[in-house]
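*Asks:*
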Amino acid sequence: MLEVASPGSLDCLPAIDPPRVLLPLGAAKVSAGFPSPAADYEDKRLDINEYLIRNPVSTFFFPVQGESMQGAEIFDGDILVVDRSITAIHGQIVIAFVDGERLVKRLYHRNGRIALVAENPAYPTLHIREGMELVIWGVVIGKFKRIG
Amino acid sequence: MPIFALVDCNNFYASCEKLFDPKLAGKPVVVLSNNDGCVVARSAEVKALGIPMGVPWFKIQKEARQYGIVAFSSNYALYADMSNRVVEVLGQFSPSLEVYSIDESFLDLTGFLQNLAEYGQAIRQRIQQWLGLAVCVGIAPTKTLAKLANHCAKKGLAGQQGVCDFITMTEADLSRLFARIEVGEVWGVGRRLQARQAQLGISTVQQLREADPDLIRARFSVVLERTVRELRGVSCLELEEVAPDKQQIMCSRSFGQYVYEREGLEEVIATYVSRAAEKLRQQSSLAGALTLFIRTNPFSQEPHYQRSLTIPLPEATEDTRVLVTWAVKVLRRIYRRGFAYQKAGVMLSELRPQKMAQASLFADPDIERSHRLMATLDIINQRWGRGALRTAAEGLEKPWQMKRLRLSPGYTTDWEGMPVVGCRSEGER
């Protein structure tokens, strides 16, 4: 054990004497010899959150079921990264709530017409007509999946 | 002049449920209390039906069927995550804010030169777009007035589109407005106070505002006198940015089903102690005393029993294992066979900061090891979910756990609960 000064018990000792607190040996690292040559190059490790997520507070995850977005490289079982802080525009892939269902589609919005377009020829385009309930929930900005 | 904004989420719990479930659009939604007992939150549709807050769910079965009311158990994990997100967004609008409750925060806008109503709209719009939640904003020179302004925004009594700014309103407009609002709407004026004030001829906010503060102090309290001053625009309440550390930590619940055996109660108690100890470590405290209580259902026909016991701990501690050991000892003292136990609770008290004990903490390698172990336990449970790592005393099955039959998925807090998106198209209809 080393005796080390601390301001803790100043009142019971003359100011000149260092007050004492016990610290375990080895609590602070003391380096002897040459410093590591890598020390100058230390950096943060790559973080997948940083790569996939721009605005964490407005980001939500949605797993995909089905094949209708294959053409956009969105497959069954992928987990989509959805950012609500981006305003959806024509051509973006979006999460949409339509008549009680959660869908992922490409947004078509031209000449006052709105449609949700699949990226798979086997799936027809969903045209939004008056009286249909549509909420564009968020914009898809990425995806991830675990293998095995 | 100080400027406060109170931002309040509309129908917060019900709105969180609706956010992720498209089938709930336009539907009346209620959220139920622990064990699915009473209505604790209502969507706008339910409020419009006149169903009151706090009503037991079984009592509104007829209305539920008639109007297709959808009921959910309280999904605390979801609400807490959405609440934290709201606070994070609000932090972008003010350097200092006070989280007043899970769905309300005060912001300090003192010195902001912008048009405040527009600023309020910007807050509202960002939370709506980023989080899909509707909020109302009340802006005023005192916290009490900001709360009232929020009420006015919510009820459409003043302001526009969910934002009400008292600062730009004239004195005459404010007086007229306050004369139309019942005094019971003022922050801190409860129903009992309202009745007593009625005897003094005070029934509207305006009348309370015009009351003589000295008289109010003499007849009621210093607190209400302060309220009068706040209503007059004199700021007496400051922003409380950091919640003060709790002096006691409590964890108590009713069980989903009766527990008869001591072993069963031990599991319950161990779980509650673990939870309380986690909270204890979050605020970097040590507990010096532990209280345990158990009781039967006071409303049942079966024989009643209730008992509580407090013990001082030989040494203040944060260690779940030590606390569980003591709690189990206490339980053995107060447990009586043959009763149907319905509720139990644990309270940690005599709390003191960890740092006061730090000198001995380093001196005793056992304590330091315990501290490191507990920190690791908390990290693991934070990462893998509460209870991922726990003391064996807590048991594995937990049949007594709270009944939450109508729980929605942990949309944002559980990998298994994420909202699935489909690819269904028109052709499949």
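In order, the protein sequences belong to chains A and B.
The letter at position 77 of the first sequence is residue 80 when you use my numbering, and the numbering goes up by one with no holes.
The letter at position 193 of the second sequence is residue 1132 when you use my numbering, and the numbering goes up by one with no holes.
Positions of the beta carbon are idealized from the N, C-alpha and C atoms, including for glycine.
Model, not experiment: these values are computed from the prediction.
Mind checking the segment 61-86 of chain A against chain B and listing, in chain order, the residues whose C-beta falls within less than 8 Å of any C-beta there?
*Replies:* Flagged, chain order: 61, 63, 64, 65, 66, 67, 68, 69, 70, 71, 72, 82, 83.
*Asks:* Closer than 8 Å, CB to CB, is residue 142 of chain A near chain B or not?
*Replies:* No, its Cβ sits nowhere closer than 8 Å to a Cβ of chain B.
*Asks:* Any Cβ of chain B within less than 8 Å of the Cβ of residue 145 of chain A?
*Replies:* Judged by the 8 Å Cβ criterion, residue 145 of chain A is not in contact with chain B.
*Asks:* With burial defined as no fewer than 16 other Cβ atoms inside 10 Å of the residue's Cβ, what is the status of residue 1331 of chain B: buried or exposed?
*Replies:* Its Cβ having fewer than 16 others within 10 Å, residue 1331 of chain B is exposed.
*Asks:* Among B:1022, B:1159, B:1199, B:1125, which one has its Cα closest to the Cα of residue 1143 of chain B?
*Replies:* Comparing Cα positions, the closest option is B:1125.
*Asks:* Residues of the segment 1056-1074 of chain B with a CB closer than 9 Å to any CB of chain A: list them in chain order, please.
*Replies:* Per Cβ criterion, the list reads 1065, 1068, 1069, 1070, 1071.
*Asks:* For residue 1022 of chain B, count the other beta carbons within 10 Å of its own beta carbon; 16 or more makes it buried, fewer makes it exposed. Which is it?
*Replies:* Counting Cβ neighbours within 10 Å, residue 1022 of chain B comes out buried, since at least 16 surround it.
*Asks:* Under a three-way DSSP split, which group does residue 136 of chain A fall into?
*Replies:* It is coil, neither helix nor strand.
*Asks:* Less than 8 Å between the beta carbons of residue 1066 of chain B and residue 1025 of chain B, yes or no?
*Replies:* Contact flag set, yes.
*Asks:* Within 8 Å of any Cβ in chain A, is that where the Cβ of residue 964 of chain B sits?
*Replies:* For residue 964 of chain B, the answer is yes, since a Cβ of chain A falls inside 8 Å of its Cβ.
*Asks:* Pick from B:1080, B:1093, B:1106, B:1011: whose alpha carbon is nearest that of residue 1054 of chain B?
*Replies:* When each option's Cα is compared against that of residue 1054 of chain B, the closest is B:1106.
*Asks:* Going by CA-CA distance only, name the one from B:1008, B:1287, B:1270 that's closest to residue 1280 of chain B.
*Replies:* Among B:1008, B:1287, B:1270, the Cα nearest to that of residue 1280 of chain B is on B:1270.
*Asks:* With DSSP run on the structure shown, which of helix, strand or coil describes residue 126 of chain A?
*Replies:* In this structure, residue 126 of chain A counts as coil in the three-state DSSP scheme.
*Asks:* I need the straight-line Cα distance from residue 1260 of chain B to residue 1267 of chain B, nearest angstrom please.
*Replies:* Using only the alpha carbons, I get a separation of about 11 Å.
*Asks:* Taking the alpha carbon of residue 117 of chain A as the point to measure from, which residue in A:133, A:49, A:65, A:123 has its own alpha carbon closest?
*Replies:* Nearest option by C-alpha distance: A:133.
*Asks:* Of the residues that make up the segment 96-108 of chain A, which ones have a beta carbon closer than 7 Å to any beta carbon in chain B?
*Replies:* Those residues of the segment 96-108 of chain A that come within reach of chain B (Cβ to Cβ, closer than 7 Å) are 98, 100, 103, 104, 105, 106, 107.
*Asks:* By the 10 Å Cβ neighbour count, where 16 or more other Cβ atoms means buried, how is residue 1136 of chain B classified, buried or exposed?
*Replies:* So residue 1136 of chain B ends up on the buried side.
*Asks:* So who's on the other strand from residue 66 of chain A, going by DSSP bridges?
*Replies:* Answer by DSSP bridge pairing, in chain order: A:82.
*Asks:* Are the CB atoms of residue 1227 of chain B and residue 1272 of chain B within a distance shorter than 8 Å?
*Replies:* Not a contact, by the Cβ cut-off of 8 Å.
*Asks:* Determine whether the beta carbon atoms of residue 994 of chain B and residue 968 of chain B lie at a separation below 8 Å.
*Replies:* The answer is no: Cβ separation not under 8 Å.
*Asks:* If you reduce the DSSP assignment to three classes, tell me which class residue 1134 of chain B lands in.
*Replies:* Residue 1134 of chain B falls in the helix class under three-state DSSP.
*Asks:* Looking at C-alpha atoms only, which residue of A:48, A:96, A:106, A:89 is the closest neighbour of residue 68 of chain A?
*Replies:* It is A:106.
*Asks:* By the DSSP assignment, the alpha helix (DSSP H) with residue 1261 of chain B in it spans what residues?
*Replies:* Note, residue 1261 of chain B: alpha helix (DSSP H), 1259-1273.
*Asks:* Strictly by DSSP, which residues pair up with residue 1233 of chain B?
*Replies:* In DSSP, residue 1233 of chain B forms a bridge with B:1246, B:1283.
*Asks:* What does the Cβ neighbour count give for residue 954 of chain B, buried or exposed, with the cut at 16 atoms within 10 Å?
*Replies:* That one is buried.
*Asks:* Between residue 136 of chain A and chain B, is any beta-carbon pair separated by less than 8 Å?
*Replies:* With 8 Å as the cut-off, residue 136 of chain A counts as an interface residue toward chain B.
*Asks:* Going by beta carbon distance, what residues of the same chain come within less than 7 Å of residue 1301 of chain B, once the five residues before and after it are set aside?
*Replies:* Bear in mind that a pLDDT of 48 at residue 1301 of chain B, under 50, signals an unreliable position, so the model cannot answer this.
*Asks:* Mapping DSSP to helix, strand and coil, what is residue 93 of chain A?
*Replies:* If DSSP states are grouped into helix, strand and coil, residue 93 of chain A belongs with coil.
*Asks:* Kindly indicate which residue of B:1041, B:1278, B:1086 has the alpha-carbon position closest to the one of residue 1240 of chain B.
*Replies:* When only C-alpha atoms are compared, the closest one is B:1278.
*Asks:* Please report whether the beta-carbon of residue 1348 of chain B lies at a distance below 8 Å from any beta-carbon of chain A.
*Replies:* Closer than 8 Å: no.
*Asks:* What does a CB cutoff of less than 6 Å around residue 1297 of chain B pick up in its chain, not counting 5 residues either side in sequence?
*Replies:* With a pLDDT of 46 at residue 1297 of chain B, under the threshold of 50, the predicted position of this residue should be treated as unreliable, though the coordinate-derived value follows. Answer for residue 1297 of chain B: no residue qualifies.
*Asks:* Among all the DSSP beta bridges, which residues are the ones paired with residue 1104 of chain B?
*Replies:* In the DSSP output, where bridge partners are listed per residue, residue 1104 of chain B has B:1078.
*Asks:* Tell me residue 112 of chain A's beta-bridge partners as DSSP assigns them.
*Replies:* DSSP, once it has assigned bridges, lists A:117 as partnering residue 112 of chain A.
*Asks:* Report the CB separation of residue 1233 of chain B from residue 1197 of chain B in whole angstroms; it is logged as a contact under 8 Å.
*Replies:* No, residue 1233 of chain B and residue 1197 of chain B are not in contact; Cβ-Cβ is about 12 Å, not under 8 Å.
*Asks:* Whose C-beta lies closer than 6 Å to the C-beta of residue 64 of chain A among residues of the same chain, with five residues either side of it excluded?
*Replies:* These residues qualify, in order along the chain: 82.
*Asks:* I need the DSSP call for residue 1029 of chain B, collapsed to helix, strand or coil.
*Replies:* Helix, per DSSP.
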